[in-house]
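These notes concern the structure reproduced below.
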Amino acid sequence: MAVSATVSATEEAPIYGDVLEAILTRLTLLDLVAASHVSKAWKGGVSTSLKISPRVKPWFIVYTLHHRNHSLTSACAFDPASRVWLQIDIGNFHRFHTNPTASVELRSSHSQHLLYTLSAGNFSFSFDALHLNWHDAEQPLVWRQDPIVARFGSRVLVAGGTYDFVDDPLAVEMYDTESRRWEICQPMPILLKDSATSTWLSTAATDGRLYLLEKRSHVICSFDAETKTWGPTFNLILSSSAPLAVFHSIIGFADERLVLVGLMGEPEELQGLGLWEVDQVTYECKEIGKMPQALFECLKSANSPLSTPRASMEANFIYVYNPSNPEQLFFCELNQGMCQWGSAVNPAAKKRNAMHRFVFSCSRVGMGDLQKAVATESRRFMVESEGDGF
0 MAVSATVSAT EEAPIYGDVL EAILTRLTLL DLVAASHVSK AWKGGVSTSL KISPRVKPWF
60 IVYTLHHRNH SLTSACAFDP ASRVWLQIDI GNFHRFHTNP TASVELRSSH SQHLLYTLSA
120 GNFSFSFDAL HLNWHDAEQP LVWRQDPIVA RFGSRVLVAG GTYDFVDDPL AVEMYDTESR
180 RWEICQPMPI LLKDSATSTW LSTAATDGRL YLLEKRSHVI CSFDAETKTW GPTFNLILSS
240 SAPLAVFHSI IGFADERLVL VGLMGEPEEL QGLGLWEVDQ VTYECKEIGK MPQALFECLK
300 SANSPLSTPR ASMEANFIYV YNPSNPEQLF FCELNQGMCQ WGSAVNPAAK KRNAMHRFVF
360 SCSRVGMGDL QKAVATESRR FMVESEGDGF
């Protein structure tokens, strides 16, 4: 009996019920992956925890690359649900380049978490949450340097961005991943002839329609993926509670709405950042909200006159950041008609140097995505620091 009592006293009591639930609700999504392998009870507890607290807020992912040879130097992500920054170690980053010996530039379409590389002989793209899977295709029929790229389900559209004066600057092609063929579509509207590149146009896409917005003039138009035709162009009229002009704007889908993020004031004197909902039929604009002035002052100090802030959107989140120095990240969660703003300092960005450039992605990362990444050993994650949160 004495031996039995000693064993009972030294054995660790299992954790069940409300205690286990309380523990799991405090864990990050990454920690839940490990917790699900502890025991059957913990696996069931993880499943219950995700039903109570789904943790589906989209991650903001930053890839840091060398400016000259485009090789990866690091990657990190901000998880707003857990309010932590994660360091991401990528095992086979050469999959970002079909030919690992070639100097191919990784790019982002700035919508639908689509990353791609485009060379003289190949077009590669990925649109899953953590970019584990890549599709390889032949190059488009028209050579392009800075195209608009968007996805419609199993199809990917490439428009504008031509390099040679011989090529039509408004040329549009669409690649079908099932038939593995390129198809020529109706050219872009003639009004966009002088701005038909991703540098001057902002994009927002759903499974059936693409919207293009000229960032400075606010000219907008749409492309129907089924008919492969463009609609008429319109000039957006943005109302504001303050008598300030919107000189630079970006569009995207947030909370299933077409949302415009607009910088107010002048390039040399930024005065505010506003959000508008754009009606997808009439193109009427309704103001949603504005970034709090204290956060906007931080945004201004994080940007040089030569670096205009960018925005990425996914689910009901809007991320705003400096593309050349993403040390501070600003975000807005659209929740039942309210705008909840916050910011987070990226510790990895402090290690940058002049030879670094950044590629950004925003995607909903689920438990299945992390389990697949860990199981295949293609990604390793480590919590780097806690974000500032809301």
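Per numbering that gives the first Met the number 0, residue 0 is the first one in the sequence shown, and the count goes up by one each step.
Just so it is clear, CB atoms sit at the ideal spot from N, CA and C, and this is done for glycine as well.
Between the options, which has its C-alpha nearest residue i's C-alpha?
i    : options                   : result
R378 : I51, G90 and T24          : G90
A149 : S125, S46 and V141        : S125
D78  : G230, P57 and L294        : P57
R154 : S52, C361, H134 and D175  : D175
R363 : A374, S48, S384 and M312  : M312
P346 : A74, W181, E177 and P53   : A74
L117 : D127, E104, W133 and S108 : E104
L237 : T226, G261 and F222       : G261
K50  : M381, M366 and L131       : M366
I147 : S197, I60 and D17         : S197
A21  : E255, V45 and V37         : V45
R67  : F359, Q370, N352 and K371 : N352
Q292 : A128, W340, E376 and F380 : W340
R356 : S107, N334, L28 and E276  : S107
T281 : K299, A170, T232 and Y318 : T232
M173 : P139, L294 and I87        : P139
H217 : E326, E283 and M354       : E283
D145 : K285, M354, A170 and V382 : A170
So, for residue i: in the same chain, excluding its five sequence neighbours on each side, which residues have a beta-carbon less than 7 Å away from its beta-carbon?
i    : result
A203 : S110, Y210, I250, G251, F252 and L257
L369 : L28, L29 and V32
A372 : L129, L131 and R378
T205 : F252
I390 : Nothing about residue 390 can be read from this structure; the chain reaches only from 0 to 389.
Based on DSSP bridge pairs, tell me the residues matched to residue i.
i    : result
E227 : Note on identity: in this sequence residue 227 is Lys, with Glu being the wrong assignment. For K227, which the question treats as bridged, DSSP gives no partner whatsoever.
N234 : V218
S194 : Paired residues: none, contrary to the question.
G264 : L269
R25  : Answer is none; R25 lacks a bridge partner.
E182 : M173
L259 : I250 and W275
A204 : L209
Y62  : A74 and V358
L105 : T116
R54  : None, per the DSSP bridge assignment.
R143 : T161
For residue i, which residues in the same chain have their Cβ closer than 6 Å to its Cβ, ignoring the five residues on either side in sequence?
i    : result
T228 : Q185
L212 : S201, I219 and I250
A244 : none
I60  : A76 and S360
L156 : A149 and M173
T97  : Its pLDDT being 42, under 50, T97 is placed unreliably by the model, and the measurement read from it follows with that caveat. Same-chain partners within the cutoff: N121, S123 and D135.
Q279 : L257
Going by beta carbon distance, what residues of the same chain come within less than 8 Å of residue i, once the five residues before and after it are set aside?
i    : result
D167 : V141, T161 and P186
G230 : C220, S221, F222 and D223
With residue i as the anchor, note down where its alpha helix (DSSP H) starts and where it stops.
i   : result
D30 : L28 to A34
L49 : K39 to I51
Need the endpoints of the beta strand (DSSP E) that residue i sits in, please.
i    : result
R150 : I147 to F151
G251 : V245 to A253
R208 : R208 to E213
Q86  : V83 to I89
A158 : R154 to A158
Y174 : V171 to D175
A74  : L71 to D78
D135 : H134 to A136
S400 : In the structure as shown, the chain begins at 0 and stops at 389. Residue 400 is therefore absent and cannot be evaluated.
Between residue i and chain D, is there a C-beta pair that is closer than 7 Å?
i   : result
W41 : Reference to chain D is not applicable here, since this structure consists of a single protein chain.
Would you say residue i touches the ligand MG, meaning its beta carbon is less than 6 Å from a heavy atom?
i   : result
T47 : Annotation note on the ligand MG: not contained in the displayed structure, which lists no ligands.
Enumerate, from N- to C-terminal direction, the unbroken alpha helix (DSSP H) stretches of 4 or more residues contained entirely within the stretch 345 to 385. 366 to 374
Can you list, in chain order, the stretches of the beta strand (DSSP E) that have 3 or more residues and sit fully within the stretch 266 to 344? 268 to 277, 284 to 289, 309 to 313, 316 to 320, 327 to 334 and 337 to 344
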